[in-house]
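2 protein chains.
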Amino acid sequence: MAPEQEATSVTDAYEELESRVERLTNITAGAGVLRWDQEVMMPEGGTPARAKQLSTLSSISHEELTDPEMGNLLDELEAADLDEAQSAVVREIRRKYDRATSVPTELVEEISETTANAHPVWTEAKEEDDFETFAPTLETLIEQKREYAEHIDPDADPYAVLFAEYEPYLDLETAERVLERLRDELVPLIEAIGESDVELGGAFDGTFDPETQEELSRDVLDTVGYDWDRGRLDTAPHPFSTGTQFDARVTTRFDEEDLLGSITSTVHEFGHANYTLGLPDEGYGTPLGESRDLTVHESQSRLWENHVGRSEAFWECFLPTAAERFPALDDVSAREAYEAANQVYDDNLIRTEADELTYHMHIIVRFEIERDLISGDLDVEDVPEVWNDKYEEYLGVRPETDAEGCLQDIHWSHGSFGYFPTYSLGSVLAAQLYAAAEDEVGDVDAQVREGAFDELNGWLRENIHRHGATYTTPDLVEKATGEGYTADYFIDYATEKYGRLYDLDEY
Amino acid sequence: MAPEQEATSVTDAYEELESRVERLTNITAGAGVLRWDQEVMMPEGGTPARAKQLSTLSSISHEELTDPEMGNLLDELEAADLDEAQSAVVREIRRKYDRATSVPTELVEEISETTANAHPVWTEAKEEDDFETFAPTLETLIEQKREYAEHIDPDADPYAVLFAEYEPYLDLETAERVLERLRDELVPLIEAIGESDVELGGAFDGTFDPETQEELSRDVLDTVGYDWDRGRLDTAPHPFSTGTQFDARVTTRFDEEDLLGSITSTVHEFGHANYTLGLPDEGYGTPLGESRDLTVHESQSRLWENHVGRSEAFWECFLPTAAERFPALDDVSAREAYEAANQVYDDNLIRTEADELTYHMHIIVRFEIERDLISGDLDVEDVPEVWNDKYEEYLGVRPETDAEGCLQDIHWSHGSFGYFPTYSLGSVLAAQLYAAAEDEVGDVDAQVREGAFDELNGWLRENIHRHGATYTTPDLVEKATGEGYTADYFIDYATEKYGRLYDLDEY
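Sequences listed follow chains A and B, in order.
By numbering that gives the first Met the number 0, the letter at position 287 of the first sequence is numbered 286, and the numbering carries on one by one without gaps.
By numbering that gives the first Met the number 0, the letter at position 190 of the second sequence is numbered 189, and the numbering carries on one by one without gaps.
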């Protein structure tokens with residue numbers, strides 16, 4: 000072909016790819032609304048029909064992604080001269096295409112069936128505190144997931160393949176190195192806190208009317224600058240955020256005895272939604288308008304939850320609003336609120352109720368166990384004991400039941416192995432990004448104290464959100480911070496903050 | 000083939016058809032949830048992405064319906080020996096398949112583009128009270144719809160083809176005969192009412208807090224037996240009902256000065272949702288679990304709205320509850336409430352605010368005009384004058400503006416021609432079904448007075464709902480009532496009820 004003809008053909012091929020990918024986006028986004036509806040709005044009777052609707056959309060999406068013509072277009076475009084944005088789109092779709100085409104449909108359906116059945120089995124096992132009931136299902140899921148990984152890359156560590164489903168661009172070695180470092184640095188810190196005489200007090204002890212809590216959650220979202228024209232707040236038993244740059248919704252939960260929980264949960268989910276809302280409108284329909292993977296997403300939620308929402312500056316800004324809603328807080332000082340928001344509970348067994356610091360121990364325990372389950376170094380029957388041993392070692396506390404131990408979280412019953420580490424990897428990235436933002440926009444604390452979040456959010460928009468999935472995670476981090484992904488900032492942040500809060504000489 | 004092989008092949012073909020049709024149902028039902036969300040929950044910013052999502056689902060659904068393999072399966076099954084239910088499924092899918100395959104995709108897309116652009120044009124024309132602005136768009140829509148009809152059946156009256164989109168089994172001659180009869184019988188009745196000295200009073204005059212109205216709407220739904228495990232109530236500017244037998248939702252609206260409006264709107268939408276909820280669970284995914292077309296659907300909403308909700312018995316049952324919510328109603332008697340609920344407003348120009356009786360004049364005017372527009376007997380430019388003349392003739396009142404006249408309703412801008420008549424056809428059927436139910440379950444009024452709706456609803460479940468689309472509309476009516484579709488019952492009902500209410504000697 001003459002160069003001109005070739006260019007036309009490449010342009011056509013790219014347009015065809017774009018149009019197919021936009022269809023996929025529309026199906027996925029539509030399914031996202033159905034899932035949001037299921038969690039937040041749907042009457043219980045709707046379950047069987049909704050399951051069928053979601054299953055059909057998932058099949059269609061799989062069929063469209065794995066259409067051989069998609070493969071031809073990718074082949075053609077990979078051989079062509081594309082600009083940076085086009086190359087990024089091709090790179091992201093290629094990854095999804097290769098994964099989707101390499102696993103036989105039968106295995107996907109088997110896994111889907113096992114997980115559908117696993118949910119009630121896990122629920123019962125947890126209720127009855129009986130790991131034995133869940134063990135055979137877990138065994139099957141591990142075997143199927145190993146097989147799944149082998150189809151994708153027979154030469155790779157299967158756990159690394161599964162991990163890449165959630166975080167494709169930070170390799171497992173990096174993840175392991177970071178998690179080991181967190182363990183090695185945080186275990187002694189948590190021990191020291193346990194030995195400290197400091198009590199951070201119960202500024203938020205008491206009961207708080209859930210309806211007023213909801214109003215306060217709206218105040219929180221007003222304060223941090225949530226765009227209500229493109230979002231909404233609802234309640235859900237397990238808070239989450241979902242949507243697109245045009246409509247990114249937040250959910251939270253209200254517990255009469257846990258006002259702080261609803262505030263931190265709202266700020267956390269705001270972080271996710273705010274990332275989604277910062278994706279470029281014009282990128283909708285391709286990876287250029289999609290978020291990066293779980294590590295980056297979690298960095299956004301953790302940055303807002305921890306670096307903003309648990310800062311003393313935030314409480315100086317927000318406490319008066321909270322006290323307007325709940326006059327019982329009139330006598331609480333910003334310092335006391337800050338301290339209460341950062342109490343470390345070293346006797347807590349439940350991940351979802353954990354503080355900022357011990358949280359990572361929950362992650363590390365499950366990470367170490369699931370990695371060994373997939374590799375075959377650990378047998379399913381030994382999980383409860385190993386789980387309890389690790390809690391004793393890392394947190395100094397031993398679960399007395401499996402319900403409070405290895406059965407506490409739903410993820411394995413979903414067939415999710417390799418998901419957990421991204422929670423900690425995201426926290427680590429949050430600290431790195433916050434430090435880089437501080438370098439550039441000046442005294443963020445002073446701005447937060449004034450309720451001025453524009454500069455911080457502007458930095459995030461400019462350096463993270465607007466790029467969508469144009470860059471891989473390591474490139475994105477490098478561009479945003481000038482250096483590679485590192486746990487240094489998180490360790491500094493954690494040791495300095497908690498060293499001061501708990502008056503620890505050695506920190 | 001040997002008979003046994005043939006049977007296997009037919010079974011396989013039927014199963015394949017079923018599975019394809021269930022996929023279609025899942026896509027359509029999913030799109031229904033997206034539309035509900037758009038009207039009820041979605042933040043405004045979500046509009047552009049939602050439009051794309053719905054457009055993709057609509058394309059996929061069209062592609063799957065018109066897949067040539069669908070045609071092959073239908074051919075094979077039509078030649079086979081099927082049972083009643085299977086034949087019904089094949090009949091219904093054949094009709095949809097033939098319609099979808101006979102219209103060129105380009106024309107479908109053109110119409111879709113015209114209607115998308117028509118909406119803002121109509122909105123502006125209505126706001127500016129300027130029919131001229133809307134006229135060229137209306138002209139284009141009429142031409143495109145004529146062309147559309149010609150593709151489906153070049154030998155048929157194009158308006159009849161369009162009408163069949165909404166009501167495929169009652170032919171246009173039947174519809175015309177019924178509408179003419181309504182006009183001939185109701186015009187003198189409305190005139191007589193206009194001359195009557197009776198004033199039915201303003202039992203519901205006043206202002207009513209919208210939040211309390213919402214509680215009262217929930218009371219209404221409790222009273223008539225809405226299944227909250229499979230439904231929910233929300234507000235929407237234009238109330239509607241949507242869903243499946245597993246999840247059929249109701250919306251209503253609240254106007255401070257119109258308590259009665261929210262109650263009748265809630266009961267009306269309940270009638271729709273209650274029909275959907277009565278469809279058999281096991282039929283989900285095929286026409287056996289889908290409702291019949293608009294006439295039957297509207298018969299269910301009108302039966303509950305008018306024959307139940309506007310009856311004296313209902314007000315004897317419900318008024319105490321209403322008075323609990325609104326103590327201002329303490330002094331109102333059930334008779335007064337009944338009278339207020341049945342006031343005829345012969346000077347009202349707006350369909351959506353019309354009473355039970357004059358409502359049909361609004362329908363008939365638009366029906367006569369749109370029929371003549373499609374046939375070419377009426378030019379677009381003459382619509383406003385003909386509209387106003389007909390209002391004067393049928394209702395004795397002449398609109399002073401087009402905004403209050405021919406521009407009042409959105410339907411034409413959607414490209415919906417042939418939809419309007421089903422509103423009246425449904426009311427007519429409601430009266431026929433209610434009479435048949437009374438014959439079988441005894442004194443329905445006495446039951447309603449006691450708040451006992453089980454027998455009436457049981458009759459509807461047994462005779463209408465559970466059949467889904469197994470029978471055509473005429474067959475369904477014949478089976479349920481023992482006779483063909485007729486306006487006799489509606490005319491009797493209307494003349495008797497309003498003759499008494501307005502003390503008319505001649506009725």
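Even glycine gets a Cβ: it sits at the ideal position worked out from N, Cα and C.
Interface flag, residue i vs chain B, CB-CB below 7 Å
i	result
Q52 of chain A	yes
T251 of chain A	no
R22 of chain A	yes
G29 of chain A	yes
T55 of chain A	yes
Test: residue i CB closer than 7 Å to a CB of chain A
i	result
D371 of chain B	no
A468 of chain B	no
T65 of chain B	no
T222 of chain B	no
N25 of chain B	yes
V32 of chain B	yes
G282 of chain B	no
Proximity of residue i and residue j at Cβ, strictly below 7 Å
i	j	result
G483 of chain B	L140 of chain B	no
T206 of chain A	G31 of chain A	no
M480 of chain A	Y168 of chain A	The question names Met, yet the displayed sequence has Thr at residue 480 of chain A. No, they are not a contact pair.
S264 of chain A	T275 of chain A	no
T469 of chain B	D128 of chain B	no
Y549 of chain A	S195 of chain A	Outside the displayed span of chain A (0 to 506) sits residue 549 of chain A, for which this structure offers no information.
A508 of chain A	V39 of chain A	As shown, chain A starts at 0 and ends at 506. That puts residue 508 of chain A outside it, with no answer to give.
A486 of chain A	R145 of chain A	no
L302 of chain B	Y497 of chain B	no
D48 of chain B	F239 of chain A	Sequence inspection shows Ala at residue 48 of chain B; the Asp mentioned does not correspond to that position. No, Cβ-Cβ distance for A48 of chain B and F239 of chain A is not below 7 Å.
G441 of chain B	F162 of chain B	no
A510 of chain B	L406 of chain B	There is no way to answer for residue 510 of chain B, as the model of chain B reaches only from 0 to 506.
T294 of chain B	E166 of chain B	yes
V427 of chain B	V177 of chain B	yes
G425 of chain A	S298 of chain A	yes
A436 of chain A	W411 of chain A	no
G277 of chain A	T24 of chain A	no
A12 of chain A	E63 of chain A	no
Y225 of chain B	F253 of chain B	no
G467 of chain B	G288 of chain B	yes
Cut-off 7 Å between Cβ atoms - residues of its own chain near residue i, not counting five sequence neighbours on either side
i	result
R217 of chain B	L232
I362 of chain B	F419, P420, Y422 and S423
L259 of chain B	F203, A339 and A340
G450 of chain A	T222 and C316
Q52 of chain A	L33
E255 of chain B	T206, F207 and P209
A327 of chain A	G205
Own chain partners of residue i with C-beta closer than 8 Å, once the 5 adjacent residues on each side are dropped
i	result
E77 of chain B	V89 and R93
Y96 of chain B	L64, T65, M69, G70 and L73
R98 of chain B	I151 and E164
Residues of its chain near residue i, where Cβ-Cβ distance is below 6 Å and the 5 sequence neighbours each way are ignored
i	result
D152 of chain B	V160
E131 of chain A	none
V364 of chain B	K389
V476 of chain B	Y484
A117 of chain B	T136 and S412
E184 of chain B	I490
Distance cut-off 6 Å: residue i Cβ against heavy atoms of the ligand FAD
i	result
E495 of chain A	Of ligands this structure carries none, so the ligand FAD is not represented either.
Anything in the region 227-246 of chain A with a Cβ closer than 9 Å to a Cβ of chain B? List those residues in chain order, please.
-> W227, D228, R229, G230, R231, D233, G242, T243, Q244, F245 and D246
Residues, ordered as in the chain, of the region 37-51 of chain A that lie near chain B by beta-carbon distance below 8 Å = M40, M41, P42, E43, G44, G45, T46, P47, A48, R49 and K51
Would you be able to state if there are at least three C-beta pairs under 8 Å between the region 336-348 of chain A and the region 198-213 of chain A?
-> yes
Select from the region 81-105 of chain B all residues with a C-beta closer than 7 Å to any C-beta belonging to chain A, and list them in chain order.
-> none
Using a Cβ-Cβ cut-off of less than 9 Å, give me the residues of the region 481-501 of chain B that come near chain A, in sequence order.
-> none
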